[in-house]
Ligand code: ADP
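Residue numbers (our numbering): 112 to 559.
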C-alpha cells in the first residue's frame, strides 16, 4: 500500500490525482514551479515542494528536482499525470532505480509505444489492423516516392516521435510530397528533436475512436469501452464522448476484445489507450498512449469506475478483482475542454480569472483547478477546465451539457466556452454524424 504519492504535474490533472489519493487515504506531495505556488493542488496536498522556475524544462521536466522532492518527503511512488514526463521512459526508469514506484507501465512498453513505427509493427504482430503505410521509417524522398505512388494519394507524413498532432503533413498529390515531407521533418525536429518520419495512407473522412484499457500485474486486462474523439482542431481533441454515436454493439464488442487481447499478449500493466481511426465499418490502429488521458472522465461517467484509483491499485500490485462482464455501461457522457484562448483566433489568453463559477446539478462534473482570483500562467497548456456531463441517453446528455455551459462563468481571461456552446447546438454534432474533418470545415464556414 502506498503511504505517500508525489504528483509530478500541475493544473486540473494534479488536482484530479490528489482527489483519488485522498479518497484512498494516501498522502500527497504536490511539486510546483514558482509560477504555480498558489495552485489548488498545492493548497490541498499534504505537502508541497517548489522544484524550480516557471519554464517546464526547469521544473516539471526537471528530473533531479522531482527525485529530490520525492526523497526529502519520503514518497513511495510518483504519478507523472498527463504530458510532461508521463511518456518519458528514462524518467520511469530513473524513478524505479531510486526505489520509488513509477505509476505507469514499464519503461520498455513506454519506449515501444512512444516510437510510432515500432508501435504499429507490434500491433500488426498482435493481429491488430493498422492504417496501410510504409514499412517503417522513410529516410528520404527517394524512399518515400515509390511508397506513396504505390499507395495512392493523398498520403500523410507522420513523425515517428509524434504527439499532440505535431510533425504531421498531408501530401494531396505527388508534386506536394517533397515540400510536405520537408515541412513534417522540420516540425518534428523542432518539437521532438527527432526528424524521422513514416508514411500512412491519408484516410479522407474517418472518426477517431479509442479504447480505454486497464491491466494489472497478474495478466488480467479489461476495457472501459470506447471514446469518440472526432471533434478535433489541428488534430487536437476538443470534445469527447462515450459511447460513440456510430458504433454498433457488435463493432464495440469486437474492438474491445481486440484491444484487450493485444494488451494482454503485450504483458502491459496500468491504464492505456489504443487509438483507432474508424471508417466504412473498419478500424485502423494509429497509436497507443501509455498513460491516463485528458478525456478519461467520460469513461468514468458511464462506468462509475475511478480510473485513477484503479491505476494506483494496479501500481501497488493489487489484482483487478473483477472481470470484463462486471463492468457495466450505463448512459452517455460528453466532455468539453475549456481552454484559456481566444474563441476565434485560438491564441492563448493567460491572465487573472476575476470570477469563476462552475455548473452543477445531477450528472455534471467539472474538473478544474480554477478559483476566483487565480492567475492562468502563460507558460503551460491552455486547458483550464473540463466540463463532463452524463445523461441516461445522448439527448439527455446534450440538453444537460447545453445548460451546464450556460451556467459556467469564467471571467478575466478569454476562453473557448462560446465555441462549445455553438458546437453543442449544431445539428451535425447533435445528429452524431460528424468525422475528424467536421470541426475544421465548420470553423472555416463560420469565418467565411
Ligand atoms: P498524435 O500522436 O500527434 O496525436 P495521432 O497518430 O494520434 O497523432 O493522430 C492524431 C489525429 O490525426 C487523429 O485523431 C486523426 O485526426 C489524424 N490522423 C492521424 N493519422 C491519420 C491518417 N492516416 N489519416 C487521416 N487522419 C489521420
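No residue lacks a Cβ here, since even glycine has one placed at the ideal position from N, Cα and C.
Reference residue i, options the options, closest by Cα
i	options	result
residue 287	304, 275, 272, 266	266
residue 483	524, 447, 471, 413	524
residue 249	269, 502, 530	269
residue 303	310, 439, 276, 208	276
residue 226	272, 555, 213, 289	272
residue 177	211, 149, 375, 294	211
residue 538	175, 514, 183, 506	506
residue 547	343, 239, 533, 518	343
residue 486	134, 441, 148	148
residue 185	171, 209, 172	209
residue 251	307, 162, 298	307
residue 470	447, 169, 289, 264	447
residue 393	243, 533, 412, 351	243
residue 135	355, 126, 113	113
residue 161	173, 171, 143, 504	143
residue 434	386, 332, 549, 375	332
residue 472	491, 284, 516, 254	516
Simplified DSSP state of residue i, which is helix, strand or coil
i	result
residue 190	strand
residue 459	strand
residue 277	strand
residue 521	strand
residue 210	coil
residue 145	helix
residue 419	helix
residue 390	strand
residue 113	coil
residue 196	coil
residue 502	strand
residue 440	coil
residue 124	helix
residue 449	strand
residue 258	helix
residue 546	coil
residue 371	helix
residue 239	coil
residue 532	helix
residue 357	coil
residue 182	helix
Cβ-based neighbour list, residue i, same chain, cut-off 8 Å, excluding 5 preceding and 5 following
i	result
residue 157	115, 138, 139, 140
residue 129	118, 139, 141, 152, 155, 156
7 Å Cβ cutoff met for residue i and residue j
i	j	result
residue 353	residue 363	no
residue 449	residue 528	yes
residue 52	residue 205	Since the first residue shown for the chain is 112 and the last is 559, residue 52 is missing from the structure and cannot be characterised.
residue 401	residue 216	yes
residue 320	residue 334	no
residue 438	residue 414	yes
residue 327	residue 430	yes
residue 228	residue 247	yes
residue 317	residue 377	no
residue 474	residue 514	no
residue 280	residue 294	yes
residue 495	residue 481	yes
residue 419	residue 131	yes
residue 221	residue 236	no
residue 369	residue 382	no
residue 454	residue 489	no
residue 145	residue 164	yes
residue 543	residue 257	no
residue 245	residue 309	yes
Cβ shell of residue i (< 6 Å), same chain only, five flanking positions each side left out
i	result
residue 124	192, 193
residue 476	499
residue 522	465, 466
residue 126	151, 152, 480
Identity of the residues DSSP links to residue i by a beta bridge
i	result
residue 343	348
residue 159	141
residue 226	Beta-bridge pairing links residue 226 to no other residue.
residue 311	244, 267
residue 493	Beta-bridge pairing links residue 493 to no other residue.
residue 400	384
residue 323	384
residue 337	322
residue 478	497
residue 466	522
residue 395	388
residue 332	326
Close-in-space but distant-in-sequence residues of the same chain around residue i (CB under 7 Å, 5 per side omitted)
i	result
residue 508	443, 444, 445, 500, 501, 502
residue 213	189, 203, 206, 207
residue 608	With the chain running from 112 to 559 in the structure shown, residue 608 is simply not present.
residue 230	223, 224, 398, 399
residue 241	231, 234, 235, 395, 396
Ligand 3 heavy atom lying under 6 Å from the CB of residue i
i	result
residue 484	Summarising the ligand content, the structure contains ligand 1 and does not contain ligand 3.
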